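Enquirer:
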Amino acid sequence: MAKFKLDETDHQILDMLIENTRTPFTDIAKKLLISAGTVHVRVKKMEEAGIIKGSSLTLDYKKLGYAFIAYVGVFLKNTSQTKFVLERINEIPFVTVAHVTTGKFNVFCKIRARNTQHAKEVIFQLDDIEGVYRTETMISLEESLNDKKRLMHSIFQDM
Numbered sequence: 001m002a003k004f005k006l007d008e009t010d011h012q013i014l015d016m017l018i019e020n021t022r023t024p025f026t027d028i029a030k031k032l033l034i035s036a037g038t039v040h041v042r043v044k045k046m047e048e049a050g051i052i053k054g055s056s057l058t059l060d061y062k063k064l065g066y067a068f069i070a071y072v073g074v075f076l077k078n079t080s081q082t083k084f085v086l087e088r089i090n091e092i093p094f095v096t097v098a099h100v101t102t103g104k105f106n107v108f109c110k111i112r113a114r115n116t117q118h119a120k121e122v123i124f125q126l127d128d129i130e131g132v133y134r135t136e137t138m139i140s141l142e143e144s145l146n147d148k149k150r151l152m153h154s155i156f157q158d159m
């Protein structure tokens with residue numbers, strides 16, 4: 001499949017959608033001085049090319065009572081247990097992200113919890129998974145940077 005070429009209009013559309021995925025195409029069209037149909041066609045083409053994959057909703061976890069974030073490095077007894085362990089991790093809803101990694105940990109997870117007691121319970125659930133040798137936890141004091149737009153702009157400059 002040929003590489004999909006994005007132009008400046010595509011970049012601007014993506015920029016607005018990353019800011020707020022619910023921005024109406026008519027609003028984007030007005031800001032870019034193009035038709036809503038053009039926005040629709042361009043977004044559809046980017047979806048078909050796999051550049052846009054769905055859309056997401058950003059929640060304020062603090063307002064929902066889940067402000068506590070910890071990162072847990074998981075050491076496995078054997079790397080052959082990775083798939084099994086990931087399936088068990090997937091059953092714990094408070095583990096929001098899991099990566100298979102190289103280096104110190106076999107799996108690296110992000111957890112969201114109500115407080116330290118709740119986080120301890122989640123970490124103990126991870127520890128109890130068959131095949132887990134041990135875990136190492138780091139508590140997030142604050143999320144200082146979470147900006148998808150900076151990366152997108154850097155990618156566009158390299159294109």
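Per full-length UniProt numbering, residue 1 is the first one in the sequence shown, and the count goes up by one each step. Glycine included, each C-beta is placed from N, C-alpha and C at the ideal position. Small disclaimer: the values here were computed from a predicted structure and weren't measured.
#1: Give the C-beta separation of Phe75 and Thr135 to the nearest angstrom, bearing in mind that I take them to be a contact with Cβ-Cβ under 8 Å.
#2: In whole angstroms, what is the alpha-carbon distance linking Pro93 and Ile111?
#3: Comparing alpha-carbon positions, which option in Lys63, Lys120, Val132, Ala70 lies nearest Thr82?
#4: Let me know the secondary structure DSSP gives Leu17 once reduced to three states.
#5: Rounded to the nearest angstrom, what separates Asn115 and Tyr66 at their Cα positions?
#6: Between the Cα of Lys63 and the Cα atoms of Leu151, Val122, Glu121, Ala113, which residue gives the shortest distance?
#7: What's the gap between the Cα of Ser140 and the Cα of Tyr71?
#8: Is the closest heavy atom of the ligand NAP to the C-beta of His118 under 7 Å?
#9: Quick one: Cα of Met1 to Cα of Glu143, how far?
#10: Taking the DSSP output, what are the residues bridged to His99?
#11: Assign Ala67 to one of three DSSP states: helix, strand, or coil.
#12: Where DSSP assigns a beta bridge to Val39, which residues make up the other side?
#13: Comparing alpha-carbon positions, which option in Glu8, Asp127, Ser55 lies nearest Thr21?
#14: I'd like the span of the beta strand (DSSP E) that includes Ile139, first residue to last.
Expert: Here's the rundown:
#1: Position 75 of the sequence shown, counted from the start, is the residue given in the question as residue 75. Position 135 of the sequence shown, counted from the start, is the residue given in the question as residue 135. Going by Cβ atoms, the distance from Phe75 to Thr135 rounds to 7 Å, so yes, they are a contact pair.
#2: For the purposes of this step, residue 93 is identified with residue 93 of the sequence shown, where counting begins at 1. For the purposes of this step, residue 111 is identified with residue 111 of the sequence shown, where counting begins at 1. Rounded to the nearest angstrom, the two C-alpha atoms are 9 Å apart.
#3: For the purposes of this step, residue 82 is taken as residue 82 along the sequence shown, with counting starting at 1. Out of Lys63, Lys120, Val132, Ala70, Val132 has the C-alpha closest to the C-alpha of Thr82.
#4: Within the sequence shown, residue 17 is the residue found at index 17, counting from 1. In this structure, Leu17 counts as helix in the three-state DSSP scheme.
#5: Sequence index remark: in the sequence shown, residue 115 carries index 115 (1-based). Sequence index remark: in the sequence shown, residue 66 carries index 66 (1-based). Cα to Cα, the separation comes out at about 7 Å.
#6: In the sequence shown, counting from the first residue as 1, residue 63 sits at position 63. Between Lys63 and the set Leu151, Val122, Glu121, Ala113, the nearest pair of CA atoms involves Ala113.
#7: As a position in the sequence shown, residue 140 is number 140, starting the count at 1. As a position in the sequence shown, residue 71 is number 71, starting the count at 1. When rounded, the distance between both Cα atoms is 7 Å.
#8: Within the structure as shown, the ligand NAP is missing, as the structure has no ligands at all.
#9: For the purposes of this step, residue 1 is taken as residue 1 along the sequence shown, with counting starting at 1. For the purposes of this step, residue 143 is taken as residue 143 along the sequence shown, with counting starting at 1. Any reading at Met1 must be qualified, since the residue scores a pLDDT of 44, below 50, and its modelled position is unreliable; no value is offered.
#10: Taking the sequence shown and counting its residues from 1, one reaches residue 99 at position 99. Partner(s): Phe108.
#11: For the purposes of this step, residue 67 is identified with residue 67 of the sequence shown, where counting begins at 1. Three-state DSSP puts Ala67 in coil, outside helix and strand.
#12: Locating residue 39 in the sequence shown gives position 39, where the first residue counts as 1. Bridge partners of Val39: none, in fact.
#13: Looking up residue 21 in the sequence shown gives position 21. Ranking Glu8, Asp127, Ser55 by Cα distance to Thr21 puts Ser55 first.
#14: As a first step, residue 139 must be located in the sequence shown, where it is residue number 139. From DSSP, the beta strand (DSSP E) with Ile139 extends over 132-139.
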